[in-house]
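The number in the working numbering is simply the position in the sequence shown, starting from 1, with 325 added. Single-structure report; data block below.
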Amino acid sequence: MTERKRTPWVVGVSGASGTPYAAAVIRGLLAAGEDLDLVVSRASRLTLLDETGIAFRDAHWREDLAQWLARGADGKPGTFRDVPLDGVRYWGAGDLAAGPSSGSYPAKGMLIVPASTACVAGVALGLSKDLLQRVASVTLKERRRLVVAVRETPLNGQTLRHLVALDEAGAVVLPASPAFYAGATHIQDLVDFVAGRVLDAAGVPHGLYRRWEGELGGSRPREQA
């Protein structure tokens, strides 16, 4: 039997606040049947611990990831159940010899969610100081899709120039800015909107939010007859 060829999306999680965005994107990819390679930066582990109480460990990444993906944006454990992890491969942030560090490694592209300003600067300048930045550089040089979900406010001139540089290099700069026309009633709805826009930019189908259809008031709950 011929083994199925694996061509994953690489998901990079940097140290910005917004780990629920990353969890929602990962769940969306897996729900769409996509394979993914995960890179969690050292700084993001501190953010994840602060925002969720989860200590992400290399040696126990599958157990920790399952716990993370099960947690809702409001911090409630067990909100999402039975998230399949068979399509996930994990690479340590310090492993610069990892598969995705090479352009010959098959990948569809990379999604950085959330992207800190430090991460944006590193990618824009081509520093490749860790695996996350190295994979982003490889993604750009191979002309693959790179989506950078920057999560910071306000933005100074230096960061804005870095974001323009990424746009000119072919990346999609996607601020983590939720919209309200989709009829959000819960914090998870706002998180899912941003995650859905990330997946839209990657061309991955999903049903994470209600799309605008040109009808004013379309997001409001309809009154019962």
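All C-beta atoms in this analysis are idealised placements derived from N, C-alpha and C, irrespective of residue type, glycine included. Keep in mind that this is a model prediction, so the values were computed, not measured.
Cβ pair residue i, residue j closer than 8 angstroms
i, j, result
"residue 334", "residue 456", "no"
"residue 382", "residue 375", "no"
"residue 445", "residue 487", "yes"
"residue 344", "residue 373", "yes"
"residue 346", "residue 520", "yes"
"residue 426", "residue 460", "yes"
"residue 441", "residue 467", "no"
"residue 462", "residue 448", "yes"
"residue 391", "residue 363", "no"
"residue 408", "residue 370", "no"
Supposed close pair residue i, residue j - CB separation, criterion 8 angstroms
i, j, result
"residue 496", "residue 473", "5 angstroms"
"residue 315", "residue 516", "Past the boundaries of the shown model lies residue 315; the chain is included only from 326 to 550, so the question cannot be answered."
"residue 361", "residue 412", "6 angstroms"
"residue 395", "residue 406", "7 angstroms"
Cβ shell of residue i (< 7 angstroms), same chain only, five flanking positions each side left out
i, result
"residue 386", "415"
"residue 494", "465"
"residue 530", "357"
"residue 428", "463, 466, 467"
"residue 492", "498"
"residue 379", "373, 389, 392, 393"
"residue 537", "506"
Bridge partners - residue i, DSSP secondary structure assignment
i, result
"residue 334", "361, 434"
"residue 497", "472"
"residue 440", "475"
Own chain residues within Cβ distance below 6 angstroms of residue i, not counting five before or after
i, result
"residue 512", "398, 399"
"residue 431", "332"
"residue 420", "456"
Cut-off 8 angstroms between Cβ atoms - residues of its own chain near residue i, not counting five sequence neighbours on either side
i, result
"residue 366", "337, 338, 339, 340, 418, 444, 455, 457"
"residue 470", "433, 434, 435, 464, 497, 526, 527, 528"
"residue 547", "Its pLDDT being 49, under 50, residue 547 is placed unreliably in this model, and the value from its coordinates should be taken loosely. Answer for residue 547: no residue qualifies."
"residue 342", "372, 376, 439, 476"
"residue 402", "392, 395, 396"
"residue 504", "518"
Proximity test, residue i beta-carbon vs the ligand COA heavy atom, cut-off 7 angstroms
i, result
"residue 540", "Ligands displayed in this structure: none; no statement on the ligand COA is therefore possible."
**Report entry** Minimum length 4: unbroken alpha helix (DSSP H) runs contained in the segment 398-436
**Finding:** none
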